[in-house]
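A.B. asks: Here it is: the structure, laid out below.
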Amino acid sequence: ASRGSVWFKRGVHQIGAEEYDGRAIRFENENLKHIEVGGEPGAVLKGHWNLMCGNGTVTGVELQDVYKLGEDGYGFDEMGDNCLCACGNSSWAFVDCEVQCSGTALRAMDSAEVLWDRVVTGGSDVSIPPPTNWSHVQLPRFLEKVSKHFGHRDPETGESLFKETAMPKFGVTAWGSARVELRSSRVVNMSYNGVCASGNSTILLRGSTLCGSGMAGLYMEGYPDVWVTDCVLEGNYVALSVWGGYTEERLWKTGAAHGEEEDEEE
């Protein structure tokens, strides 16, 4: 159908399609005009949303991603590194929602347009800055850290075994020519950056709060167009970080910004 609506009762609902092991739902029908998704207070929708086309409104529900380990024991399966991915020419609005994940809450790409109105996302504990200077990272050490991190998750359900490992990495990221607007929203306790604007994307922040990020509350790279009005940026490692290009120097400075120089291993 080109238009439709779905209403969820209170409780936890696995929304993914069978072809994605119940872990993802894809909107890829170009004839999709508009869909409305809502629910009673306490309705939780678990699964990754791939918003490839069409438009819709999601109101009054909690959205959770599903993390599962790959067979190698430390890699991702196909889904799980973001909860919402908007791409193509899609246009979606999320109103009065909570988004909880362990990767990126919202990733917008291409020419997608996304509105977050009174949305909250973030971890429930103090954010932890990246542990190393990236210029000194050796591959085995990196894989060891990744393995340890994912060892804190149930390999069958993907659920966090410890409260602090439930913290997401990034709140909102915009790439390409994507346009994202946050109104009266909260991005709290990201392990890395709260809001990231890259490429030629547009970010509008209105009356929102970005706090407790392990790196930057607001990160800009490339040539984005960013507007900030009546917002609060506090308790982040830095409030604002701006870089001009996609270079190894940027990785080095990002890691070294924490002043934790490490000796290279022999």
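Under our numbering, the first residue of the sequence shown is numbered 7, with each subsequent residue one higher. A virtual CB, placed ideally from N, CA and C, is assigned to each residue, including glycine. Treat the numbers as computed from the prediction; the structure is a model and nothing was measured.
(1) Just to check my reading of the structure: R192 and T208 have Cβ atoms closer than 8 Å, yes? What is that Cβ distance to the nearest angstrom?
(2) Assign H40 to one of two classes, buried (16 or more other C-beta atoms within 10 Å of its C-beta) or exposed (fewer than that).
(3) Find the nearest neighbour of V238 within the set A99, L211 and D231, judged by alpha-carbon distance.
(4) Distance, Cα to Cα, L112 vs T215?
(5) Using the Cα positions of T179 and T127, report the straight-line distance between them to the nearest angstrom.
(6) Please list the terminal residues of the continuous beta strand (DSSP E) segment that includes G218.
(7) With K175 as the anchor, note down where its beta strand (DSSP E) starts and where it stops.
(8) Rounding to the nearest angstrom, what Cα-Cα distance links Y198 and A222 in this structure?
(9) On the DSSP bridge list, what partners appear for Y225?
(10) Does the beta-carbon of L75 have 16 or more other beta-carbons within 10 angstroms, so that it is buried, or is it exposed?
(11) Under 6 Å Cβ to Cβ from E57, same chain only, skipping five residues before and after it: list those, please.
(12) Between the alpha carbons of F176 and G10, how many angstroms are there, rounded?
(13) If you follow the beta strand (DSSP E) that K52 is in, where does it begin and where does it stop?
(14) Please name the residue in H19, G109 and E104 whose C-alpha comes closest to that of N123.
(15) Which residue comes first and which comes last in the beta strand (DSSP E) that contains D236?
(16) With a 10 Å radius around its C-beta and 16 neighbouring C-beta atoms as the bar for buried, classify G200 as buried or exposed.
C.D. replies: This is what the structure gives:
(1) 21 Å between Cβ atoms; not a contact.
(2) exposed
(3) L211
(4) Each residue's alpha carbon lies about 16 Å from the other.
(5) 13 Å
(6) Taken as a continuous stretch (DSSP letters only), G218 belongs to no beta strand (DSSP E), as it is neither H nor E.
(7) Careful: K175 lies outside any beta strand (DSSP E) and carries neither H nor E.
(8) 7 Å
(9) Bridge pairing for Y225: C202 and S247 [DSSP].
(10) Summary for L75: the model assigns pLDDT 49, below 50, so the residue's position carries little reliability; its value from the coordinates is reported in the next sentence. Answer is buried; the Cβ neighbour count reaches 16.
(11) A small fix is needed here, since residue 57 is Leu in this sequence, not Glu. F33, A92, S96 and W98.
(12) 31 Å
(13) Here the beta strand (DSSP E) through K52 covers A49 to K52.
(14) Sequence inspection shows Asp at residue 123; the Asn mentioned does not correspond to that position. With distances taken between Cα atoms, D123 lies closest to E104.
(15) Per DSSP, D236 belongs to no beta strand (DSSP E) and is neither H nor E.
(16) buried
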